[in-house]
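Laid out in structure tokens, this is it:
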């Protein structure tokens, strides 16, 4: 699978932090802050499917949005193909936009209900490649529609005439129309029926193989990660707690949260829900615990865990942010 | 999302809506064809005769066939004055709503999309505007205007003044409605997709968000037209609206008011009935639009 | 005789001005006391419709157009309103996907629990409170006495769903119908909640109808399974048997499409096409346009559920080799 040769980093994030000010009464003195990202470093190598998994509040969606430039980081940098892009002005960022695209979660909200499918697909080209003539744009749109298994005649119709799966095809077509190198997919199949999920995932795999795409694939569904991903980062409360190749992670999960996550997946063989599971303490992004953010829920937490924040360090072929692993207590 | 076909089907299935629409359509036709259909042009001094003044409707004793609904104090046929006057009312109604919509939609779009202090500032402005009653504002503005410029200039510019004043006074209603829509649409992923491509905020507001805020705008437009007509009627009734030589329905009602006690009830009554019918029909149409276009009241037949 | 017996249930919706389309096309369901049944299907298959129909909660413009629902021997569709109230929320409880469909945001949890109890039996406030707190503890809510006085918005999604389960159990029901109870929850919380439901139903011998699209969850929790497609049951039987050896081509397709069924790097097994809406059903078997096993008769006649060992499959050409039980 993944060669051990160090592949070039297409996308790099360094020290990403993101804080959101929570709405408060204007007279109150407290100003609560939501810490969505608390220091994320990662390299997405060219050609790989890099998965980011975690549960609600972990920051994975925020990460995707910052990489795409939809939100600005409070701290840190985003690099694309060697150039720093998060601090670029709109005009300087433009040449990169055709190279990085995004597929969103909700197929019912990601297409403008008042525009035809053709207009939605042509818009990226018209804006980013204004030198293309009308016939060229038409041809490109038709080509990408065929590539995603859509009928070019759909061009005249409006989004509401299509099912969720069809809309997601159209959304993927929109992401592919500028022939990008990199795609951020934020839960692209969660809102779809099971039998359609397979269709769309196959489509994304095909697109990847045919075009040499690099994916940043954000999901909560670990079985999809196991099938589709090359490397996976597990996030908890705004930090990456484990980063490993997919097979390695599933064979040998190291971080206590990763283990908890894998343990919680329902299995077709049954039997794992037999034992009682006490409700875990829920992560609170507003009042971050000092020290390791997983400590309140962790069976292996000690005093050091509660006081200091563990860094992401190599542990065998993986990287883990855990003192228990570091100290050999796991 | 209601398709045009489903909308028409619902429309024809609703007798109230159809009835209201027919009335409004008939009124518009009447207004447009007034120069040809009206028995006389009541504002052409050559066509009226003071000897015809205060004649009752033709079916009452003393009435004249020429004047179906009777005449007013100057000898103008009431039917003719209504036909012309309704046109003035409608013109002011629509004109004011165009002004309101233009200002309100623009500001609502900016406030909703930009957020932050621009939003806060514009919304506070709207709050202040809303707390000043339109009628009061209009009275002050018009009174000052007519005092400053004299009755002649006033008579010429009254219609523009009215459109401007009612238009400017009511922009917050459109702004708030649009802003609420914008806030909802802003969260949707097609807006993110547009930003990912790198479209400028102005383009996104115009091309993507604006078309999706039109449904509630359509609904309140209808009701706002009715509001504007009533406001203008009230102003005219108070003497601050349209002048006597080019009256609206409100001015007609006013000019006939003093004659109620002397027995010429028709001069006020018929314009009042017309006004009521017009407002009622527009409001019923507005109700129908609101119920039909409300996505929460899905009926499962689309 | 089963505790709950549904026969030939049909639910109709108006289609255009003069016609009706059937969202449920003749569904049978049996539930013995304490039995756990899973109802699996994709959106539009009719599984939620089935749950609402059992409790006679189908709202205008839909209606139950045919069939019978016998609970403890009595037909729920013909009972007077007073008797229905005694059953709904009392002997048969329901858990929805969104806890806020059950919880009133302006009332404390305690108040709602006491109200629920007092609606169905004569019980004083103090005793009701004690019982409620016991139930909250049973669903592992920390500090139940103080949570009793909390409002729903003060709790997280997972805790709210636990409260909903506690309310469902308050009246010692004989059946709980759970409609996608954990679909909107994180996977670790789903594991907590589903294992809780499993244990509580087993320990208290409460029947469970679990409606979901997730085959893995039913594999963990249920004993019997019903797979629905386009308003009909296509396969029904012991969960383990259906998952290991699916008989209906759709069941097989669903299971085969799961990522865990395919080697890494291989294409997933997709089912071509989409499930038809109730207004656009094909002639004959609703699945035949997508079925790789379709034969000549499939587009003419509608297959009925036929027994094959301990399962029932509605197919003219089911997959049965070596799968008889």
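Protein chains in written order, with my numbering: chain A, 1 to 330; chain B, 331 to 632; chain C, 633 to 957. Heads up, the beta-carbon is just placed ideally off N, CA and C, and yes, glycines get one too. Quick caveat: nothing in here was measured; it's all calculated off a predicted structure.
Which residues in chain B have a C-beta closer than 7 Å to the C-beta of residue i? List them in chain order.
i, result
"residue 101/A", "526"
Which residues mark the beginning and the end of the alpha helix (DSSP H) in which residue i is found?
i, result
"residue 168/A", "164 to 176"
"residue 617/B", "596 to 623"
"residue 710/C", "From DSSP, residue 710/C is part of no alpha helix (DSSP H); its letter is neither H nor E."
"residue 647/C", "Note, residue 647/C: premise wrong, no alpha helix (DSSP H); beta strand (DSSP E) at 636 to 647."
"residue 848/C", "847 to 853"
"residue 448/B", "446 to 461"
"residue 135/A", "134 to 147"
"residue 305/A", "303 to 307"
Given that residue i touches chain A, what residues does it touch there, using C-beta distances under 7 Å?
i, result
"residue 516/B", "What residue 516/B touches in chain A: nothing, since even the nearest Cβ is about 11 Å away."
"residue 529/B", "127"
"residue 382/B", "None at all; the shortest Cβ gap to chain A is about 56 Å."
"residue 541/B", "114"
Using 8 Å as the threshold, is the C-beta distance between residue i and residue j below it?
i, j, result
"residue 403/B", "residue 388/B", "no"
"residue 101/A", "residue 188/A", "no"
"residue 843/C", "residue 812/C", "yes"
"residue 772/C", "residue 828/C", "yes"
"residue 449/B", "residue 456/B", "no"
"residue 764/C", "residue 790/C", "no"
"residue 515/B", "residue 493/B", "no"
"residue 669/B", "residue 605/B", "Any answer about residue 669/B is impossible in this case: the structure gives chain B only from 331 up to 632."
"residue 891/C", "residue 226/A", "yes"
"residue 164/A", "residue 236/A", "no"
Give the straight-line distance between the Cα atoms of residue i and residue j, rounded to the nearest whole angstrom.
i, j, result
"residue 373/B", "residue 401/B", "13 Å"
"residue 759/C", "residue 803/C", "13 Å"
"residue 684/C", "residue 690/C", "6 Å"
"residue 487/B", "residue 588/B", "26 Å"
"residue 131/A", "residue 125/A", "9 Å"
"residue 894/C", "residue 228/A", "11 Å"
"residue 513/B", "residue 543/B", "10 Å"
"residue 496/B", "residue 90/A", "41 Å"
"residue 672/C", "residue 139/A", "43 Å"
"residue 716/C", "residue 807/C", "14 Å"
"residue 158/A", "residue 117/A", "6 Å"
"residue 735/C", "residue 156/A", "45 Å"
Which residues of chain A have a Cβ atom closer than 8 Å to the Cβ of residue i, listed in chain order?
i, result
"residue 827/C", "273, 274, 275, 276, 277"
"residue 958/C", "Any answer about residue 958/C is impossible in this case: the structure gives chain C only from 633 up to 957."
"residue 719/C", "Near residue 719/C there are no residues of chain A at all, since even the closest Cβ is about 29 Å away, more than 8 Å."
In terms of residue numbering, what span does the beta strand (DSSP E) encompassing residue i cover?
i, result
"residue 219/A", "214 to 219"
"residue 184/A", "182 to 186"
"residue 38/A", "33 to 45"
"residue 390/B", "Segment: none, residue 390/B is in no beta strand (DSSP E) and carries neither H nor E."
"residue 78/A", "75 to 80"
"residue 100/A", "100 to 103"
"residue 859/C", "856 to 861"
"residue 95/A", "Taken as a continuous stretch (DSSP letters only), residue 95/A belongs to no beta strand (DSSP E), being part of the alpha helix (DSSP H) at 90 to 97."
Would you verify that the beta carbon of residue i is, or is not, closer than 8 Å to some beta carbon of chain A?
i, result
"residue 894/C", "yes"
"residue 767/C", "no"
"residue 630/B", "Caution applies to residue 630/B, whose pLDDT of 45 falls short of 50 and renders its modelled position unreliable; the value that the coordinates give is listed next. No, residue 630/B lies away from the interface with chain A (no Cβ there is under 8 Å from its Cβ)."
"residue 891/C", "yes"
"residue 443/B", "no"
"residue 785/C", "no"
Determine, for residue i, whether the minimum Cβ-Cβ distance to residues of chain B falls below 8 Å.
i, result
"residue 94/A", "yes"
"residue 110/A", "yes"
Any beta-carbon of chain C closer than 8 Å to the one on residue i?
i, result
"residue 201/A", "yes"
"residue 248/A", "no"
"residue 4/A", "Only weak support is given to the placement of residue 4/A: the predicted model assigns it a pLDDT of 46, under 50, and the value that follows is read from those uncertain coordinates. No, no contact with chain C."
Against residue i, what residues of chain F qualify as contacts under a CB-to-CB distance less than 7 Å, listed in chain order?
i, result
"residue 280/A", "No chain F appears in this structure, whose protein chains are A, B and C."
Give the residues of chain B in contact with residue i, contact being defined as C-beta atoms less than 8 Å apart.
i, result
"residue 104/A", "519, 522, 523"
What does residue i touch in chain C if you count any residue whose Cβ is under 7 Å from its own?
i, result
"residue 55/A", "818, 819, 820"
Can you list the residues of chain A that residue i reaches, using a CB-CB cut of under 9 Å?
i, result
"residue 853/C", "266, 270, 273"
What residues of chain C sit near residue i, judged by a beta carbon separation below 8 Å?
i, result
"residue 251/A", "The premise fails here: residue 251/A is roughly 12 Å from chain C at the closest Cβ pair, so nothing lies under 8 Å."
"residue 227/A", "891, 892, 894, 896, 900"
Can you name the residues of chain C whose CB is closer than 9 Å to the CB of residue i?
i, result
"residue 220/A", "818, 819"
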